[in-house]
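Beneath this line is the structure, given in C-alpha cells, with notes to follow.
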Amino acid sequence: MLLSIKTGGCPEDCAYCPQSAHYRTDVTRSELVSIEELTSAAEQARGQGATRFCMGAAWRDVPDGPAFSQVLTMVRVVRGLGMEACCTLGMLTQAQADALADAGLTAYNHNLDTSPEFYGSIITTRTYDERLATLARVRQSGVTVCCGGIIGMGEDRHVRYRLLQQLASLDPHPESVPVNMLVRVEGTPLADMKAEDPFELVRTIAAARILMPASIVRLSAGRLSLTDEAQALCFLAGANSVFLGERLLTTPNPGTSHDEQLLNRLGMRLTVSTSDAKVPADVAG
Ligand code: SF4
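Structure below.
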C-alpha cells in the first residue's frame, strides 16, 4: 500500500504528474504528514493485508535536516509494525541512502519511467544519468531497488523495449518492477493522450517477466482504466503484485473489496508474508 507523505509542489516537470508545480491540477499541496498520521495509515494498511508500506514525497531530492529525520522515523515506525518499508523521495546522496538503510528501509523506488531516448520528451528537469546514479547509490547502501516505468505516454514499442532493456541491464535486476499505465490527469501535458491499448500493457508485462524472471512485477497505476479481464491477462502474463487501496499517491485505484473479489474470481490468493507480522503480501497465482 502506498501513501503520499508530502503532496504536490514538486519542482520537477514530469509530464504525467499532477504533483508537479509546473502544471495546474486539482492536487492540493500538503506538507510532510505527522508521525501520528503515518502510524495510523500504516496500521490500517497492515489490517487490510498489505505487507509493504510505501511512502512517497514529491521532492526533487531529499532535503537534509528535520524533514529527512522525520522520514527516517517513519521508516522505523513501519518496520516496527512488521511491514516492509519502501520510500520514493527523489534523488539521494550516498549518505542519505546509507541513513535510510540504517533505519531499516527495505526498498527504494526510483523509476526510470521510459527509454533514455524518449526521456527528454517527458522530463526536462533532470537527466537519465542522474536517475541511474541514485539507483546505484541505493544498490550500494544495501536497500533493494524498486524501478519501473510508465506506458501510454505517446511512446512506441521500441521505446518500451529500450526501457525494459535498461531495467534488465541493471545488475542485479531491480527486485521490484512497477509497470504503470498512464493515468491521464487533467492539467498535465499528457491529459489528452490517446488511451493505450491494454494489450500493449500485457505485452510489456510479459516481456518484463521474461527479462527479469525473479523480480516482483507490479501492476501499478492505471488499473482503473482496465477491465477485470485485462487485469487477469496481466497476471497471466507475469504480474505478481498490485497496490492495494483506493489511491496511489494522488490518482485513484480500485478499492480493496473489488480487488478481493477479482482475486477470488481468478482463484488467486495473497501471498502470506514471511515477516514477523504474518500478514499477506504480494499476489501469487
Ligand atoms: S513524478 Fe515525482 S519527481 Fe516527477 S513531478 Fe511528480 S512528484 Fe515530482
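Counting from 16, one number per residue, gives the positions in the sequence shown under our numbering. Glycine included, each C-beta is placed from N, C-alpha and C at the ideal position.
Under the Cβ criterion (8 Å, minimum of three pairs), the segment 42–55 does not count as touching the segment 99–109. Between residue 194 and residue 167, the C-beta spacing is not below 8 Å. Excluding five sequence positions before and after residue 22, the CB atoms of its chain that fall closer than 8 Å to its own CB belong to 34, 42, 43, 44, 45, 73, 264, 265, given in chain order. If you draw a straight line from the Cα of residue 217 to the Cα of residue 206, it comes to about 22 Å. Inter-residue distance for residue 150 and residue 40 is about 29 Å (C-alpha atoms, whole angstroms). By the criterion of at least three beta-carbon pairs nearer than 8 Å, the segment 247–260 is in contact with the segment 269–281. The DSSP-derived three-state label of residue 45 is strand. With 16 or more other Cβ atoms inside 10 Å of its own Cβ, residue 125 counts as buried. Taking the Cα positions, residue 86 is about 17 Å away from residue 16. Placement of the Cβ of residue 105 at a distance of less than 7 Å from at least one heavy atom of the ligand SF4 is found. The alpha-carbon of residue 147 is positioned some 10 Å away from that of residue 153. A straight line joining the alpha-carbon of residue 68 with that of residue 280 spans about 26 Å. In this model, residue 127 and residue 162 are separated by some 6 Å (Cα to Cα). The alpha helix (DSSP H) runs lying completely inside the segment 159–197 and spanning 4 residues or more are 172–184, given in chain order. Rounded to the nearest angstrom, the gap between the Cα atoms of residue 53 and residue 114 is 20 Å.
Taking the Cα positions, residue 182 is about 7 Å away from residue 189. Chain-ordered, the residues whose CB falls short of 5 Å from any heavy atom of the ligand SF4 come out as 25, 27, 29, 32, 34, 35, 73. Under the DSSP assignment, residue 249 falls in the alpha helix (DSSP H) whose first and last residues are 243–252. Nearest in C-alpha terms to residue 50, of all of 119, 61, 88, 71, is 88. Excluding the 5 residues flanking it on each side, residue 36 has same chain C-beta neighbours closer than 7 Å at 24, 25, 26, in chain order. Rounded to whole angstroms, the Cβ separation of residue 70 and residue 102 is 5 Å, and the two are in contact under 8 Å. The beta carbon of residue 178 is closer than 7 Å to those of 127, 129, 130, 164 in its chain, skipping five residues each way along the sequence. Selection 231, 155, 200 evaluated against residue 192 yields 231 as nearest (Cα-Cα). Residue environment analysis places residue 184 among the exposed positions, since fewer than 16 neighbouring C-beta atoms fall within 10 angstroms of its C-beta.
By alpha-carbon distance to residue 253, the top candidate from 227, 285, 93 is 227.
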